[in-house]
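Visitor: Have a look at the structure that comes next, please.
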Amino acid sequence: MEFEERKLHTVIASEQYLVRLGVKTLLNVIGIESELHEVDTFDELEYFMQNDENMDYLILSEDILQKQRKIDCLEYVKNSFGLSSTILIGKQQFPTCVCDHFISYSCSRKEVVDKLQQFFYAPKANEQQEEDSLTLSDRERDVLKAVALGFSNKEIADQLFISINTVITHRKNITSKLGIKTISGLTVYALMHHIIKAEEAM
Amino acid sequence: MVSFTKNSKMAEIILKNYQLLPIISRFGIKLGFGNKTVEEVCANKNVNAAFFLEILNSYHNSNYFPDNHLGDFNVDVMVDYLTNTHTYYLKSKVPHIELFIDKMEREAQEENSRNINLLKHFFSEYKFDIENHFKEEEKHIFPYVIDLEKALSSNNCTKELIEKIKHEPIEVYERNHDSLEIKLADLKNLIIRFLPPLNCEDDCEHLLTELFQLEYDIEEHTRMEEKVLIPKVKMLEQKVLEYYGV
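Structure (structure tokens):
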């Protein structure tokens, strides 16, 4: 790994002391030299994300997500921090979960270590995207979502605070990455990948 | 590529390119040709051989451009053919595709059956689009085309027709003639790239084959409308205006 001047900051978010302790121990095992921050409520995490821009990695235990609203909480994390640098710990990956990284409570020690290693040492998704022509960037996903929901280019530009030309460029890139040209085709894609919900598509 | 002529043997044409099978049936021509030539088969069935050959050749070779032969047949044979093609899509191709999608939906596992349901919905939207597209052509465009030809042959032209040529010529339709293949291409892409693997590969393969064929056929159909019908209609519009001294 390249030497970096600034120390990395990792947030460990869980209600349970034992989970946080376990994660810290394992980070030590794989030799992560990072400033560690612990939070034990979702509100505290929210506060952290809003006020501390130095957060590099988030290790997020499912128990901290508010019950019934897990998806919304994740959505919130995604929008304010991005999910490429988030690893989720939980019982099972919910069908609509958009996290790339996931550790199950039932994983063995070796599996957990492997997954953490992958998480910290794999190139970040947004750095990889230039090469990977099939993955949509976060911004492209936002645009795709708005297109699938039936908004016009002008409306999308207003919503995302970008120019119409930028919207058009995003749309071109989306089409060339996915090979799908029509709005209804894009809507099907968005539904298949849980970018929008069926109720919203109406 | 060598074009077929009126002296080509009908059986050899089909042996060379089986994809022409649906074309001949649209003309009401049935198998069992023996050694008959195109001309003979057409004479038996009362089919305009010049037009039949244009269709066969352009379907067989996408670089074939039937420009020299535009004058060799009347538009009514062409309108007949295009109408038959519409019927073929709606009565034969579309139900086939729906059948395979239904089968796949039944056989797929839970999560995937939801995905297939999305595709089904997408295709029914597409069906609705093409039905409307065809209806519009059959109700407004084709009768107009026939009227033009009648106006020339019968020496009798209504005021409305002249008005229509002036204000709503075929060019308007040409500009708005939207492509019917794009959505089909999307459907193929969704299946090939994004539908999680299925356990009913056979049905999926049939479905894709049907989609590829329909797409090819519709492309060809659109090409006929744009490269043959429209130029011909423009020519007729011009002639009618000249003939009636407008």
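First to last, the sequence lines map onto chains A and B. The UniProt record's numbering applies: residue 1 is where the first sequence begins, and numbers increase by one. The UniProt record's numbering applies: residue 1 is where the second sequence begins, and numbers increase by one. For every residue, glycine included, the Cβ atom is placed at its ideal position computed from N, Cα and C. Predicted model, so just to flag it, every value in this text is computed and none were measured.
#1: Select from A/His-194, A/Met-55 and A/Arg-139 the residue whose C-alpha is nearest the C-alpha of A/Gln-159.
#2: What does a CB cutoff of less than 7 Å around B/Lys-16 pick up in its chain, not counting 5 residues either side in sequence?
#3: Using the rule of at least 16 other Cβ atoms within 10 Å of the residue's Cβ for burial, across every protein chain shown, is A/Thr-10 buried or exposed?
#4: Cβ of B/Lys-183 less than 7 Å from any chain A Cβ?
#5: Determine the contact status of A/Ala-190 and A/Ala-148, defining contact as a CB-CB distance below 7 Å.
#6: With DSSP as the reference, identify every bridge partner of A/His-101, one or two as the case may be.
#7: Output needed in chain order: residues of the segment 186-214 of chain B with a Cβ under 8 Å from some Cβ in chain A.
#8: Run through DSSP, which three-state label would B/Lys-9 get?
#9: To the nearest angstrom, report how far apart B/Glu-110 and B/Leu-118 are at their CA atoms.
#10: Look at the alpha carbon of A/Ile-168 and the alpha carbon of A/Phe-161, and state the distance between them as a whole number of angstroms.
#11: Based on Cα-Cα distance, which residue from B/Met-104, B/Phe-100, B/His-121 and B/Met-78 lies nearest to B/Glu-137?
#12: Taking only beta-carbon atoms, is A/Lys-181 less than 7 Å away from chain B?
#13: Taking 7 Å as the threshold (C-beta atoms), are B/Asn-189 and A/Ile-89 in contact?
#14: Tell me which residue opens and which closes the beta strand (DSSP E) that B/Leu-195 is part of.
#15: Please go through the same chain and pick out, in chain order, the residues whose beta-carbon is closer than 6 Å to the beta-carbon of B/Phe-100, but skip the five residues on each side of it.
#16: For A/Val-19 versus B/Phe-122, is the C-beta spacing smaller than 7 Å?
#17: If you measure between the beta carbons of B/Thr-37 and B/Asn-7, is that distance less than 7 Å?
#18: With a threshold of 16 other CB atoms inside 10 Å of the CB of B/Leu-31, please say whether the residue is buried or exposed.
#19: According to DSSP, what are the bridge partners of residue 206 of chain A?
#20: Taking a Cβ distance cut-off of 8 Å, strictly less, list which residues of the segment 138-166 of chain A are near chain B, in chain order.
#21: Between the segment 191-200 of chain B and the segment 129-143 of chain B, do at least 3 Cβ pairs fall closer than 8 Å?
#22: Run down chain B in chain order and give the residues with a C-beta less than 9 Å from the C-beta of A/Gly-185.
#23: Which chain B residues are close to A/Val-188, counting only those with a beta carbon under 9 Å from its beta carbon?
#24: Assuming A/Lys-78 contacts A/Leu-136 under a Cβ cut-off of 8 Å, what Cβ separation, rounded to an integer in Å, is found between them?
#25: How big is the Cα-Cα spacing for A/Tyr-121 and A/Ile-12?
#26: I'd like to check one pair, A/Asn-153 with A/Ile-164: are the Cβ atoms closer than 7 Å?
#27: Whole angstroms are fine: how far does the CA of B/Glu-220 sit from the CA of A/Glu-127?
#28: Rank B/Ser-124, B/Leu-148 and B/Ile-218 by C-alpha distance to the C-alpha of B/Ile-182 and give the top, closest one.
#29: Can you find a heavy atom of the ligand NAP that lies under 6 Å from the Cβ of B/His-140?
#30: Just verifying my parser: in three-state terms, what is the DSSP assignment at B/Thr-158?
#31: Residues of chain B with a CB under 7 Å from the CB of A/Leu-191: which are they?
#32: Indicate whether the contact test is met: 3 or more Cβ pairs, each with one atom in the segment 20-31 of chain B and one in the segment 78-96 of chain B, closer than 8 Å.
#33: Quick check: is the beta carbon of B/Glu-219 nearer than 7 Å to any beta carbon in chain A?
#34: The alpha helix (DSSP H) spanning A/Thr-182 covers which residue range?
#35: Which same chain residues end up closer than 7 Å to B/Leu-241 when comparing Cβ atoms and leaving out the 5 residues on each side of it in sequence?
#36: Suppose you measure from the CA of B/Thr-158 to the CA of B/Lys-227; what does that come to, to the nearest Å?
Guide: With the structure as the only source:
#1: A/Arg-139
#2: none
#3: buried
#4: yes
#5: yes
#6: A/Ile-87
#7: Asp-186, Leu-187, Asn-189, Leu-190, Arg-193, Phe-194 and Leu-195
#8: strand
#9: 13 Å
#10: 14 Å
#11: B/Met-78
#12: yes
#13: no
#14: From DSSP, B/Leu-195 is part of no beta strand (DSSP E); its letter is neither H nor E.
#15: Asp-203, His-206 and Leu-207
#16: no
#17: yes
#18: exposed
#19: Limits of chain A in this structure are 1 at one end and 202 at the other, which puts residue 206 of chain A out of reach.
#20: none
#21: no
#22: Phe-122, Ile-182, Lys-183, Ala-185, Asp-186, Leu-187, Asn-189 and Leu-190
#23: Asn-115, Leu-118, Leu-119, His-121, Phe-122, Asp-186, Leu-187, Leu-190 and Phe-194
#24: Actually they do not touch by this definition, with Cβ atoms about 13 Å apart.
#25: 17 Å
#26: yes
#27: Residue placement at A/Glu-127 is poorly supported in this model, since its pLDDT is 47, which falls under 50; the coordinates still yield a value, given next. When rounded, the distance between both Cα atoms is 44 Å.
#28: B/Ile-218
#29: Although the ligand NAP was asked about, the structure shown includes no ligands whatsoever.
#30: coil
#31: Leu-118
#32: yes
#33: no
#34: Here A/Thr-182 belongs to no alpha helix (DSSP H), and DSSP marks it neither H nor E.
#35: Ile-165
#36: 28 Å
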